[in-house]
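Report on the following structure.
Residue numbers (my numbering), protein chains in the order written: chain A, 20 to 168; chain B, 2 to 141.
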């Protein structure tokens, strides 16, 4: 059964603040095998003009995917999570995330459509600091595979 | 000055099960399709598959290594078109190339990326927008 179109435009409440720590950034950089000193050495990051170590461009997924789960797990929408796969992802940064940021995400449902027996849900997560400084927007598309797919 | 058509140094990334477990821990994505072969095959996958976001992160390294400052990447997007299957113990090898597709007066460059496993592309529309070095040197 197609998903409820009336969810398009729905805006979810801001997520609880996520505090970005140096060691979490290092752990993430290690996991993607990236030795770039901007992720690890505050002095190297400062030499590039950043206030502290910065996070890799896709680090944002840690906060934005949890935020998007508000939509996917919304019992009113009724998505079968076991059938969800990632379709597209895009990050548009106002500035890099850096250690010391306390980030909150406001998720908007941008589109819901059906194609080839699948439901396709597009969300936008606007990430800002708790002080209200915009940091990035994350555009994600999740595909809910239909029974025949 | 960066010119359109400039090829970025290509890179290849071996991916094994341990890498997926480590990425699961770092990212918080513990979906068992990324580490449990029994579960993955039960839901119709050929085997354990890599996190799409892990592939996306590895592909971006071609851009951040080239740019030097990872903070120069202002926009980065991909479409996931084919799962990266990671059998044990063989693993998979992700081959990534990039080329400058546009370089504007605004100091921004666009890099088109190609990611292949076993000769087959796994991403579409993989593209990063980067502040080019000359411009980033002038920014505060």
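Glycine included, each C-beta is placed from N, C-alpha and C at the ideal position.
Suppose the cutoff is 8 Å on Cβ atoms and the five residues either side in sequence are ignored; what does the same chain contact list for residue i look like?
i	result
residue 60 (chain B)	79, 95, 97, 114, 116, 124 and 127
residue 100 (chain A)	91 and 92
residue 46 (chain B)	34, 84 and 86
For residue i, return the contacting residues in chain A, with the cut-off set at a CB-CB distance below 7 Å.
i	result
residue 70 (chain B)	57 and 67
residue 132 (chain B)	Chain A residues near residue 132 (chain B): none, gap ~10 Å exceeds 7 Å.
residue 23 (chain B)	50
Report the neighbours of residue i on chain A: residues whose CB is nearer than 8 Å to its CB, in chain order.
i	result
residue 13 (chain B)	None at all; the shortest Cβ gap to chain A is about 12 Å.
Under 6 Å Cβ to Cβ from residue i, same chain only, skipping five residues before and after it: list those, please.
i	result
residue 102 (chain A)	163 and 164
residue 61 (chain A)	71 and 72
residue 93 (chain B)	16, 85, 87 and 118
residue 145 (chain A)	125 and 156
residue 40 (chain B)	33
residue 41 (chain A)	72 and 118
Kindly indicate the opening and closing residues of the alpha helix (DSSP H) around residue i.
i	result
residue 88 (chain A)	80–91
residue 9 (chain B)	Counting along the chain, residue 9 (chain B) falls outside any alpha helix (DSSP H), though it belongs to the beta strand (DSSP E) covering 8–16.
Which residues in chain A sit within 9 Å of residue i, going by Cβ to Cβ distance?
i	result
residue 62 (chain B)	51, 52, 53, 55 and 75
residue 65 (chain B)	53, 55, 57, 75 and 76
residue 44 (chain B)	101 and 102
With respect to the beta strand (DSSP E) encompassing residue i, which residues constitute its N-terminal and C-terminal limits?
i	result
residue 25 (chain A)	Element bounds for residue 25 (chain A): n/a, residue is neither H nor E.
residue 91 (chain B)	Here residue 91 (chain B) belongs to no beta strand (DSSP E), and DSSP marks it neither H nor E.
residue 80 (chain B)	74–81
Please go through the same chain and pick out, in chain order, the residues whose beta-carbon is closer than 7 Å to the beta-carbon of residue i, but skip the five residues on each side of it.
i	result
residue 149 (chain A)	36, 121 and 123
residue 137 (chain A)	162, 163, 164, 165 and 168
residue 59 (chain A)	45, 48 and 72
residue 103 (chain B)	5, 110 and 111
residue 77 (chain B)	61 and 129
residue 136 (chain B)	Interpretation of residue 136 (chain B) is limited by its pLDDT of 44, a score under 50 that renders its predicted location unreliable; the figure taken from the coordinates is listed afterwards. Only 108 meet the Cβ criterion.
Suppose contacts are defined by Cβ-Cβ distances below 7 Å. Is residue i in contact with residue j by that definition?
i	j	result
residue 71 (chain B)	residue 56 (chain A)	no
residue 63 (chain B)	residue 9 (chain B)	yes
residue 118 (chain A)	residue 39 (chain A)	yes
residue 44 (chain B)	residue 131 (chain B)	no
residue 129 (chain A)	residue 141 (chain A)	yes
Which residues of chain B have a Cβ atom closer than 9 Å to the Cβ of residue i, listed in chain order?
i	result
residue 108 (chain A)	53, 54, 57, 77, 78, 79, 80 and 81
residue 111 (chain A)	75, 76, 77, 78 and 130
In chain B, which residues lie with their C-beta within 8 Å of the C-beta of residue i?
i	result
residue 42 (chain A)	By Cβ distance, chain B contributes nothing, its closest Cβ being about 11 Å from residue 42 (chain A), past 8 Å.
residue 47 (chain A)	27 and 28
Within 7 Å (strictly less), CB to CB, does residue i reach chain C?
i	result
residue 80 (chain A)	Checking the listed chains, one finds no chain C in this structure; the protein chains it contains are A and B.
Please indicate yes or no: does the CB of residue i lie closer than 6 Å to some heavy atom of the ligand SAH?
i	result
residue 20 (chain B)	No copy of the ligand SAH appears in this structure; indeed no ligand is present at all.
| query | Where in the segment 133–160 of chain A do unbroken runs of the beta strand (DSSP E), each at least 3 residues long, occur, reported from the N-terminal end onward? | reply | 137–148
| message | Just to confirm the assignment: which complete beta strand (DSSP E) runs, minimum length 3, are found wholly within the segment 37–122 of chain A? | response | 103–112
| task | Could you tell me which uninterrupted beta strand (DSSP E) segments, each at least 3 residues in length, are contained entirely in the segment 104–141 of chain B, listed from first to last along the chain? | result | 109–118 and 124–132
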